[in-house]
Structures are given as structure tokens and as C-alpha cells.
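Undergrad: I'd like to ask some things about the structure below.
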Amino acid sequence: MTNSSPATKADATKLEQESRNATKAQLAEFWYYFSQNKGAVIGLVVFALLVFMAVFAPLIAPHDPDFQYRDSFLVPPVWQDGGKVAFLLGTDAVGRDILSRLIFGAQFSLFIGVVVVTIALTGGIVIGLVAGYMRGTVDTFIMRVMDVILAFPSLLLALVLVAILGPGLMNAMIAIAIVLQPHFVRLTRAAVLAERSRDYVIAAKVAGAGHLRLMFKTILPNCLAPLIVQATLSFSNAILDAAALGFLGMGAQPPTPEWGTMLAEAREFILRAWWVVTFPGLAILITVLAINLVGDGLRDALDPKLKRS
Amino acid sequence: MADDIILKVRDLHRVYDIKGGMFKKASQLTAVKGVNLDVERGKTLAVVGESGCGKSTLARMLTMIDAQTSGTIEIDGLPIDISKTGISREMRQKVQIVFQNPYGSLNPRQKIGHVLEEPLLLNTDMPAAERKDLALQMLEKVGLQPEHYGRFPHMFSGGQRQRIAIARAIMMKPKLLVLDEPVSALDLSVQAQILNLLKDLQDEMGLTYVFISHDLSVVRYLADKVMVMYFGEVVEYGTRDEVFENPQHDYTKTLFAATPNADVESIRKRLAAKAA
Amino acid sequence: MSLLEIRNLRVEFDTAKGPFRALDGVDYTVDQGEVLAIVGESGSGKSVAMLATMGLLPDSATVTADKMEFEGLDLRTLSAKERRKVIGRDISMIFQEPIASLNPCFTVGFQLGETLKAHTGLKGKQVKDRVLELMHAVGLPKPEERFNAFPHQMSGGQCQRVMIAMAIACKPKLLIADEPTTALDVTIQKQILDLLVKLQQESGMGLIMITHDMGVVAETADRVIVQYKGRKMEEADVLSLFESPQNPYTRALLSALPENAKGDRLPTVSDFAQAGGF
Chain G
1 MTNSSPATKA DATKLEQESR NATKAQLAEF WYYFSQNKGA VIGLVVFALL
51 VFMAVFAPLI APHDPDFQYR DSFLVPPVWQ DGGKVAFLLG TDAVGRDILS
101 RLIFGAQFSL FIGVVVVTIA LTGGIVIGLV AGYMRGTVDT FIMRVMDVIL
151 AFPSLLLALV LVAILGPGLM NAMIAIAIVL QPHFVRLTRA AVLAERSRDY
201 VIAAKVAGAG HLRLMFKTIL PNCLAPLIVQ ATLSFSNAIL DAAALGFLGM
251 GAQPPTPEWG TMLAEAREFI LRAWWVVTFP GLAILITVLA INLVGDGLRD
301 ALDPKLKRS
Chain E
1 MADDIILKVR DLHRVYDIKG GMFKKASQLT AVKGVNLDVE RGKTLAVVGE
51 SGCGKSTLAR MLTMIDAQTS GTIEIDGLPI DISKTGISRE MRQKVQIVFQ
101 NPYGSLNPRQ KIGHVLEEPL LLNTDMPAAE RKDLALQMLE KVGLQPEHYG
151 RFPHMFSGGQ RQRIAIARAI MMKPKLLVLD EPVSALDLSV QAQILNLLKD
201 LQDEMGLTYV FISHDLSVVR YLADKVMVMY FGEVVEYGTR DEVFENPQHD
251 YTKTLFAATP NADVESIRKR LAAKAA
Chain D
1 MSLLEIRNLR VEFDTAKGPF RALDGVDYTV DQGEVLAIVG ESGSGKSVAM
51 LATMGLLPDS ATVTADKMEF EGLDLRTLSA KERRKVIGRD ISMIFQEPIA
101 SLNPCFTVGF QLGETLKAHT GLKGKQVKDR VLELMHAVGL PKPEERFNAF
151 PHQMSGGQCQ RVMIAMAIAC KPKLLIADEP TTALDVTIQK QILDLLVKLQ
201 QESGMGLIMI THDMGVVAET ADRVIVQYKG RKMEEADVLS LFESPQNPYT
251 RALLSALPEN AKGDRLPTVS DFAQAGGF
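Protein chains in written order, with the UniProt record's numbering: chain G, 1 to 309; chain E, 1 to 276; chain D, 1 to 278.
What follows is the structure, encoded as C-alpha cells:
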């Protein structure tokens, strides 16, 4: 350095501070728009409770989810005649505590959501980026394959896949991920198409960025907003589909306390014991609703930012 | 002096293929037709024309974003033909570009420091500390503060963003800078600041500019040589004074006549004509 | 009586960072047959003022004024329905992006006809005749062919001509042009400006030109209002503004024009801001 460097050591910390402030300001702005949406905040709280419940299930649950109390078959919830204080939400046909099973079921639901979205998102982003960035024959080929997948009724396709792979939670998750993936591919591709001709991409190209850098470091971060929203919505979709597969006997196998499987087991008692079906159903409903509300809030918070910059 | 030509373009063509559809035949569009030009080191060539005249296509070829269909480009003695030879690091360090829209030319998710360091990271083996030093120096040079290093583009005004874009373009000390309407998206007062900055940088670093613009008053202020393009062809090419004092082509004359006059004399004339 | 009279106009926007005052106590008057130019840079509130007058601002904006009258009609108390009656017939507006201002799904002839039908009693053949007449008046070549053209089949300049035709369709008393030529090439800009001034002189309507371009001001205006950050800096007739600008900001703007460059460097507004203290 011939001329005096403006970055003396004393400045270095200040610069670091300034850089952190900028990041913080972005987060603060994001939170401002997110918190404007009351429903989203409620959804977030519910979702946080759910995560808490799943993580600390062994500590919270009053009973072992698989233990069968031989003296208490189909005990109604505590506020009904014949209810027992030990079983707050009652027991099922083989005497297992429903509350404990629901709490442990949250683990499965969140696990399903995380795994499915991770598989679908990663695959969808890579395939979508390639399609949108390369255009031409590659793009056409990829998109036609995705169109074929989308043309199947999603649950039917998942069923076929499970039938091929064999029933079980893991296979069900893979099947759901494959069914959800085309949505991510399309979304990524559309975002990439809009971004790839922007000046900053060309500027990076002129600066010498290679294809991989352009795709993953320059373009991808600017396409994330709609993907994050879609990922949240797919999270709830995955839970719903997994429950459906479980209900059809193609997902998690009994005695796993998975919500959909619980519903399936309770099918024959719908008329006699309303609680065995209502509570797992409610659990699914509340979870899916909470996540969808969060997704809406994310859309509000992320979209105007896209327009502004 | 005539030997010190930094940019030499001969018979440059660019043809775009327009894809045919189911009912439409494929056709071709010639965006640039046989352009010849020479620019001396440290001078400014202004390329003037209206939208669709091929001036941006020319800029894209000079900066190696697109390949030419035929013809030769030579920058600082280095022949440029990316469809045949590809782009080398050496070629990149010769020429850079500044875009018109400062709101679109910076990556919204990239902090300013990284914007400035990216060209160095990609083209040199400089260590990180040195890159940072250079970036901070460059910020100062274009009239920004060191604390801007860690901020995001959306925290800046249009003029400041254009300063950042200019800083990014000169990070690698290019010989030639292509400016694609760098001030037309800016407010008048900011425009003056950016033009001043460009002049200062040219004096300081010996930069050569190819300045693309539709605004004749800016061209007159900045250019040494002027080239007027119309439908892909060069209709007028000469020194600034030649072109402005004595335009030859009809189109150039129309262009001059259409440019609004903001001097008191012409306002008087207009008001008198209106009263009559 | 003036055509449009606005006293002490204030506009505030609610934003993430608290209220933002876009316009702070500005007066406007326009007389019949007058061309008023409102000039300023981005953030000066020049467009906001006229959008507020037209009632076209979003809900996040609060508009207050001591007086806001069009031909003696109080615009502040007008209901949305009454306002619609005035706007489009007596006051009309053209915008910067002509292609975006037209509906891409319908032919220009149809869109012009709709405007006519909405505000006049014309029917059937009469509408088409009047549309062709209007297209001719704004200098669109071959109106019969253009009648069935879609907006994307025409150039930006032609679309702006259609917008002007639409704006003058009901013989408005006041035309507001918001940066009508910014998106156009210089040669087209000249034609559009000439057309606007010609139409204004023929019909004797009031014309408000909102622009950032001093050249456009010099070519069209009778009277000029210079705005900066939501405040009025100077109001003068066009000749005295260019001849002897009173306000330091106006002086700064004029000397920042590259054609007025003296010596090697352009003076910038900030040079004047320190000296003039605005």
C-alpha cells in the first residue's frame, strides 16, 4: 500500500459494528412487517409451543404413549361423565392415553415436515435453478417432467410411490417430497427467469463470475423470498399428506403415535367415542392452520422488500 | 498521438436471430451494422442515439457480455472475440461497465464491501485483508464513507448507488470504462455530481470512456469525440466541435433541433411567437 | 376566478419509520389558458400534489388543505361519486409510462370509445367518428388503421398520443401531465410537447406540466413553481425564473445543467445548499 490505508486497526471494529448494524436493521424491518400481521404472530406462538412440546415430549407427557391401561378402555375426557383425572383427554380402544400420544405425535409431525421440506426444497431449488439458468432444451425437458408429475393427483401419486417402495414413515416422506417438489421447481425457475437478466447479474458476469457462482451466490439469494413462503406452506401440506397416508395405512405403522395413524385406528369408534377421532383431528387442524398463518406473515414481510430493492 | 489508440473497432456487426413460431418464419435483426471507431487513451467517446439504435448492443459487445457476429474489436492491443477465444482474466481487467439503472445494478442481498471486492476475488489472488483495504480506498475515492462498507444497497440513494457501481467498475483498474447512460436515471443535481466524479477519475487514473447517452447536453459537456447512431448505423462521427457546430446528417440535425433549449433567448423567442 | 386554487396543501404518508410529510403547506393556482410547470427532483412532492388533487393517493396518505377548489367547487368535501364525475371530464391526467397506462387487452379505439361513452352521451357511430377525430387531432397517422391496433403494436410515442387523445376526449378544462415525456426519446419528446402546447392553445384549457427537466419547462411553461423536499422554493413566470432566479435552490438547479457549465466542473446543489442555507 503506497497511500495510507483508510482502514487502520482502530477503524476495523467500527466497520464491523456498522456491518452488524446493517444486518440488524434488515432483521428489524423484517420483524416490523411480520408483526403487522396479527394472525402470523399468533401462528408463530402456536408453532413455537408445538416445537417446545415435541422437544420435551418425554418430560411433559403424563404417560408412556404406548402403554396400554387394561382397566381403562375408551375412557372419555375428564369433563365428561366417567372421565378420569389421570387421562385428561381420555384413552383409546386399547387403553392408551390420548394426550400423551398427541404430544409424542407432534414429534413425528414436525419431523415429517422438516424432512419433506428439506428434500423437496433442495431438489426443487437445484433443478429449478438449472432449468431457469440454462434455458433451452434442458429447461423444456425438466419442465415437461415436472408437468407430468403435477398432472397426477398428488395423493394418488404418493400412494403409488408408497406401494412401490413399501409402506412406512420414511417411504411416505420420500413420496410426499417427490410430489411437492415440482412446486418448488416452478417457483425457483420463475424467480430465476425474472432475476437472470437484471443488471446486477450481468455486472457479476462482467466481473468474471462463473456459472455456479452466478447461480448460487448471485441469483439464488434473491429468489429465496417466495421459496421461503412456499416452504412454510409445504410444511403444513406435508403434515396433512402424511396424515392422509397414515390414515390410509400407507404411512407410519401402528403403534406409532402419528396423528394420521391415530385417526385410522379410531375409525371404527367414531360413533361410540368421539374423542378418539376429534383430538388427533384437532391437532392436525391447529398445526396446519398455525403454519399457514406464519406463511402468510412471511409473505407480507418478504414481498415488499422484493419490490423495494 | 495517433498511435495511442486504446480501443479499435473495425466493421463490427451484430445480428440477432429472431426465432420463428408456429406461424411465423424465423428472421434476423441487425442491431449493429459495420461500426468503425478509434478511441485514444484518456479520451471520451460519446455514442448518441435513441432507443433501439444499437448503442447498448455496442456496449454489450465492448464489455464482452455478448459476442460480435463479425468484425474486430481490439482493446489496448488485445483482440476481443469471445465466441472464439473465450474470456481471460487479462481481458476482463481491460474493460468494465457502468449501467444506467443504479437500482438494478447492485445485488440487493450483497453488502457494499462484497460488491466492491467481488471483481478482485474472482480475478486476482489477493488476500482478504488487502482486498478490504482496496475496497475502502475506493469508497473514499468515489466520495463515500468507510462505514458504508457493511451496508446493503437499499440503504443508499440513487446517486450513491451509482458511485458504488462506478467504484466496482474501477476496482480492477481497467483501461476502458463503458458507461451506459450512467446519469439518465438520476436527478439533475446528482447528475452533476456524478459527471464531476467521472471527470476527476478520468484525470486521476487516465481512464478512457465510451459514454453512451441520449442527452446531448451531457455529451457536449463530457465528450471529446461524438458518434451518432441511427438504426444500427453510424451516421455521424467526429470531434465534439465538428459534430455540434456542423452536423452533416439529417438525423443529427433533427436530434439537435429536438433538444430543448433552456436559455433565456429561446424562451423569449417562444413567448414572442405565442403572443403573436 | 382561477380554475384551480389550492391553499396550504399538506400530505402525510404512514410508513414503517413513522409518518412522512411529502408536502408541507404549498399553494397552487392555475388560470384558464395557462401552462403551469411544477418542477423538482425526486422527493420534492411534485407528483403527490396533483395526485392529491385528483384523489388518487393510497389510503396511507392524509391530505389536508385550507382550500381546494376547482371552478369554485370544493374538492375536499366531494364524495367519491361526485369526484369521479369531475375527474375524467373536467380534469384529466396523463402519466409517464404511456404503454403501462393503456389496457393491453383492448384495442386503442375501443378504449377511447369507452372513455367517451362514460362521460358523454354519444352513441354508436357518433362514438367512432369522434374517436377518429380525436386520433387525428393528436397526430396519429392513419387513424382508421390504428383504431383496431392493440397498445403493444404501437410505439411509446404513439401510445402517449393515444393517452393524450383520451385525456382531451371530453374537452377538459384542466389537463395534468405528469412527466409526459420522460420515458420517450428526444425527438418524440419534442413532438409530444409541441402537441400538448398546441392543444392547450386551441382549447384554452389550463395545463399543469409536472417535470424534472428544466428544458421541458423552458419549452412549454408560462409560470413555474420550483419545489424541493415538499416545499415551494420559488414561483415566477418562466422568463424571470431563467433570467434572474431568486431562490438559491433554483439557481443551483439551473447552473447544474450541463449546457450552462462554466469551466471544467459543474456546480452541484450541495455547493449552493451551504451558501444559501435551504
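Glycine included, each C-beta is placed from N, C-alpha and C at the ideal position.
Indicate whether Leu45(E) and Val9(E) have their beta-carbon atoms separated by less than 8 Å.
TA: It is not a contact, given that the beta carbons lie outside the stated cut-off.
Undergrad: Have a look at the DSSP bridge pairing and note the partners of Ala177(D).
TA: Answer is Ile94(D), Met209(D).
Undergrad: Under 8 Å, Cβ to Cβ, is there at least one residue of chain D near Met1(E)?
TA: The pLDDT assigned to Met1(E) is 46, lower than 50, so where the model puts this residue is not dependable; a value taken from the coordinates is nonetheless given after this. Not closer than 8 Å to any Cβ of chain D, the Cβ of Met1(E) fails to qualify, so no.
Undergrad: Could you give the DSSP three-state label for Phe56(G): helix, strand or coil?
TA: In this structure, Phe56(G) counts as coil in the three-state DSSP scheme.
Undergrad: Can you pull the DSSP bridge partners for Val178(E)?
TA: Its beta-bridge partners are Ile97(E), Val210(E).
Undergrad: Would you mind listing the alpha helix (DSSP H) stretches within the segment 193–229 of chain G that are 4+ residues and don't spill past its ends, in chain order?
TA: Entirely contained in the segment 193–229 of chain G, the alpha helix (DSSP H) runs reaching 4 residues are, in chain order, 199–206.
Undergrad: With burial defined as no fewer than 16 other Cβ atoms inside 10 Å of the residue's Cβ, what is the status of residue 316(G): buried or exposed?
TA: Nothing about residue 316(G) can be read from this structure; chain G reaches only from 1 to 309.
Undergrad: How would you write the range of the alpha helix (DSSP H) that Glu134(G) sits in, first residue to last?
TA: Checking the sequence, you will find Met at residue 134(G) rather than Glu. First-last of the alpha helix (DSSP H) with Met134(G): 98–134.
Undergrad: Taking only three categories from DSSP, how would you classify Lys232(D)?
TA: Correct three-state label for Lys232(D): strand.
Undergrad: Kindly indicate if chain E contains any beta-carbon less than 8 Å away from that of Gly208(G).
TA: Closer than 8 Å: yes.
Undergrad: Any C-beta of chain G within less than 9 Å: which residues of the segment 155–169 of chain E qualify?
TA: Answer set for the segment 155–169 of chain E: Met155, Ala165, Arg168, Ala169.
Undergrad: Does any residue of chain E have a CB that is nearer than 8 Å to the CB of Ala203(G)?
TA: Interface residue, yes.
Undergrad: Run through the DSSP bridge pairs and tell me what Gln227(D) is partnered with.
TA: In DSSP, Gln227(D) forms a bridge with Lys232(D).
Undergrad: Give, in chain order, every unbroken run of the beta strand (DSSP E) that is at least 3 residues long and sits entirely within the segment 27–56 of chain E.
TA: Those beta strand (DSSP E) runs which fall completely within the segment 27–56 of chain E and span 3+ residues are 27–40, 44–48.
Undergrad: In whole angstroms, what is the alpha-carbon distance linking Val162(G) and Leu156(G)?
TA: Distance between the alpha carbons of Val162(G) and Leu156(G): 10 Å.
Undergrad: So does the segment 124–131 of chain E actually touch the segment 54–66 of chain E, counting three or more Cβ pairs closer than 8 Å?
TA: No, the segment 124–131 of chain E is not in contact with the segment 54–66 of chain E.
Undergrad: So that I know if they touch, is there some Cβ in chain E lying closer than 8 Å to that of Ser19(G)?
TA: Output row for Ser19(G): interface = yes.
Undergrad: Would you list, in chain order, the members of the segment 240–270 of chain E that have their beta-carbon closer than 8 Å to a beta-carbon of chain D?
TA: Correct list: Thr254, Leu255, Ala257, Ala258, Thr259, Pro260, Asn261, Ala262, Asp263, Val264, Ser266, Ile267, Arg268, Arg270.
Undergrad: From the DSSP output, read off the bridge partner residues of Asp11(E).
TA: The partner list for Asp11(E) (beta bridge, DSSP) is empty, contrary to what the question assumes.
Undergrad: Using only the alpha-carbon positions, how far apart do Arg213(G) and Leu122(E) sit?
TA: Each residue's Cα considered, the two are about 10 Å apart.
Undergrad: Do three or more CB pairs link the segment 12–21 of chain E to the segment 167–176 of chain E at distances below 8 Å?
TA: Because the criterion of three Cβ pairs below 8 Å is not met, the segment 12–21 of chain E and the segment 167–176 of chain E do not touch.
Undergrad: If you draw a straight line from the C-alpha of Val226(E) to the C-alpha of Met214(D), how long is it?
TA: Taking the straight line joining both Cα atoms gives about 24 Å.
Undergrad: With C-beta atoms as the reference, is Ala218(D) less than 8 Å away from Val238(D)?
TA: Yes, they are a contact pair.
Undergrad: With a cut-off of 8 Å on the beta carbons, I'd call Leu144(E) and Ile73(E) a contact; round off their distance for me.
TA: Not a contact, Cβ separation roughly 33 Å.
Undergrad: So, helix, strand or coil for Asp125(E), using DSSP?
TA: Correct three-state label for Asp125(E): coil.
Undergrad: If you check the beta carbons only, do Phe104(G) and Ala28(G) fall under 8 Å apart?
TA: No, Cβ-Cβ distance for Phe104(G) and Ala28(G) is not below 8 Å.
Undergrad: Using the beta-carbon of each residue, which ones in chain E are nearer than 9 Å to Leu302(G)?
TA: Going along chain E, no residue has its Cβ under 9 Å from Leu302(G), so there is no contact; the nearest lies around 12 Å.
Undergrad: Name, in chain order, the residues that DSSP records as bridge partners for Val26(D).
TA: According to DSSP, which records beta bridges pairwise, Val26(D) is partnered with Leu9(D).
Undergrad: Report yes or no: do the segment 147–165 of chain E and the segment 16–34 of chain G share at least 3 C-beta pairs separated by less than 8 Å?
TA: Yes, the segment 147–165 of chain E is in contact with the segment 16–34 of chain G.
Undergrad: Smallest Cα separation from Val219(E): which of Val243(E), Met205(E), Leu201(E), Leu106(E)?
TA: With distances taken between Cα atoms, Val219(E) lies closest to Val243(E).
Undergrad: Under 7 Å Cβ-Cβ, which residues of chain E neighbour Arg198(G)?
TA: The contacting residues are Gly104.
Undergrad: With 16 as the cutoff for other CB atoms within 10 Å, does Leu29(E) come out buried or exposed?
TA: When all chains shown are included, Leu29(E) counts as exposed.
Undergrad: Quick check on DSSP: helix, strand or coil for Ala37(D)?
TA: Three-state DSSP puts Ala37(D) in a strand.
Undergrad: Compute the Euclidean distance between the alpha carbons of Glu258(G) and Met170(G), then round it to the nearest angstrom.
TA: Near 13 Å, if we compare the C-alpha coordinates of Met170(G) and Glu258(G).
Undergrad: Please name the residue or residues paired with Leu4(D) in a DSSP beta bridge.
TA: Leu4(D) pairs with Val30(D), Phe70(D).
Undergrad: With DSSP collapsed to three states, give me the class of Asp237(D).
TA: The answer is strand: DSSP assigns Asp237(D) an E or B state.
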